[in-house]
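Using the numbering used here, read the sequence shown as starting at 140 and increasing by one per residue.
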Amino acid sequence: MSRILIVDDDEPLLRALRVNLTARGYQVDTATTATAGLISAGNHHPDLAIVDLGLPDLDGIEVVKGLRGWSAVPVIVLSARHSEPAKVAALDAGADDYVTKPFGVDELLARIRAALRRGAPTPGAPVITTESFTLDLATKRAVGPAGEVRLTPTEWHLLEVLARQPGTVVEHRQLLREVWGPRYETETNYLRVHFANLRRKLERDPARPRHIVTRPGLGYRLDL
Numbered sequence: 140m141s142r143i144l145i146v147d148d149d150e151p152l153l154r155a156l157r158v159n160l161t162a163r164g165y166q167v168d169t170a171t172t173a174t175a176g177l178i179s180a181g182n183h184h185p186d187l188a189i190v191d192l193g194l195p196d197l198d199g200i201e202v203v204k205g206l207r208g209w210s211a212v213p214v215i216v217l218s219a220r221h222s223e224p225a226k227v228a229a230l231d232a233g234a235d236d237y238v239t240k241p242f243g244v245d246e247l248l249a250r251i252r253a254a255l256r257r258g259a260p261t262p263g264a265p266v267i268t269t270e271s272f273t274l275d276l277a278t279k280r281a282v283g284p285a286g287e288v289r290l291t292p293t294e295w296h297l298l299e300v301l302a303r304q305p306g307t308v309v310e311h312r313q314l315l316r317e318v319w320g321p322r323y324e325t326e327t328n329y330l331r332v333h334f335a336n337l338r339r340k341l342e343r344d345p346a347r348p349r350h351i352v353t354r355p356g357l358g359y360r361l362d363l
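If you want it as structure tokens, here you go:
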């Protein structure tokens, strides 16, 4: 049974999500403030967190950053903020997905399933070794220039897609479709944020990456 933490100060929404998720076999913890959410996460170690941005004590971005300080748990931001800067800020802080309110419950459930799949181990995946870093995709373990690196489930999934065809450009649309779903095939800002984070964590010189390569207007490539 997967454990899900929901941090949102909209109590009717919390009740509705708890009922829907519990009915589908999830164990659900809820919190109405950022502080309570971080305490719950530390005590119960959820498999996935859903975080609102408009919390009464702190911005939800601080919850995402707080989680990322010690955990690679998948994080879905659930917010009424529709602007691109808000989405980029959440992704840059370490969120894996961003869903705007109002939303369909079926879509949110699909995103939860996808995020949990991305966070699950991939049996039999190869070890990838470059001059700058090593990735064990089976155990989700990465070693970069400064030692072991914590990557988010979305970062792992992006690398897994590239690792299927090393040396080959994977187009933007394919990456977005496989990692976020077909409705997000034009959200290239998602890719910019996550690949910038991957280079910062794994490349010896993130400004001149040797292994996680951008082909402008086309896509991304993993060079070994």
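Where is the CB? At the ideal position from N, CA and C, for every residue including glycine.
Being a predicted model, the structure only gives us computed values, none of them experimental.
Report all residues from its chain with a CB closer than 6 angstroms to the CB of residue i; omit the five preceding and five following residues, and keep chain order.
| i | result |
| --- | --- |
| L156 | I145 |
| V288 | A281, K340 |
| K226 | Y237 |
| Y323 | L315 |
| A211 | R289, T291 |
| H221 | T239 |
Once DSSP output is grouped into helix, strand and coil, what is the label at residue i?
| i | result |
| --- | --- |
| T172 | coil |
| K188 | The displayed chain sequence assigns Ala, not Lys, to residue 188. The answer is strand: DSSP assigns A188 an E or B state. |
| L177 | helix |
| Q166 | strand |
| D236 | strand |
Among the options, which residue has its Cα nearest to the Cα of residue i?
| i | options | result |
| --- | --- | --- |
| L177 | W209, A254, K240 | W209 |
| A228 | N336, S141, T174 | N336 |
| I351 | E294, E326, T174 | E294 |
| D275 | I200, P185, E299 | E299 |
| E223 | L363, P321, R331 | R331 |
| T325 | R303, P345, G356 | G356 |
| L153 | V244, V203, M140, E201 | V244 |
| A234 | P213, P241, R252, A253 | P213 |
Inspect the beta-carbon positions of residue i and residue j and report whether they are closer than 8 angstroms.
| i | j | result |
| --- | --- | --- |
| V167 | I143 | yes |
| R257 | H296 | yes |
| R370 | P284 | Any question about residue 370 goes unanswered here, given that the chain covers just 140 to 363. |
| Y359 | V308 | yes |
| G193 | A219 | yes |
| D196 | A232 | no |
| L255 | L187 | yes |
| Y329 | L230 | yes |
| V190 | G199 | yes |
| L217 | D147 | yes |
| A253 | G205 | no |
Excluding five sequence neighbours on each side, which residues of the same chain lie with their C-beta closer than 7 angstroms to the C-beta of residue i?
| i | result |
| --- | --- |
| S179 | L144, D168, A170 |
| R250 | I215, D236, V238 |
| H311 | T327, L330, G358 |
| P345 | R338, R339 |
I'd like the list of long-range same chain contacts for residue i, defined as Cβ closer than 8 angstroms, with 5 residues on each side in sequence excluded.
| i | result |
| --- | --- |
| F272 | A281, V282, G283, P284, V288, L341, E342, H350 |
| Q313 | V300, G358 |
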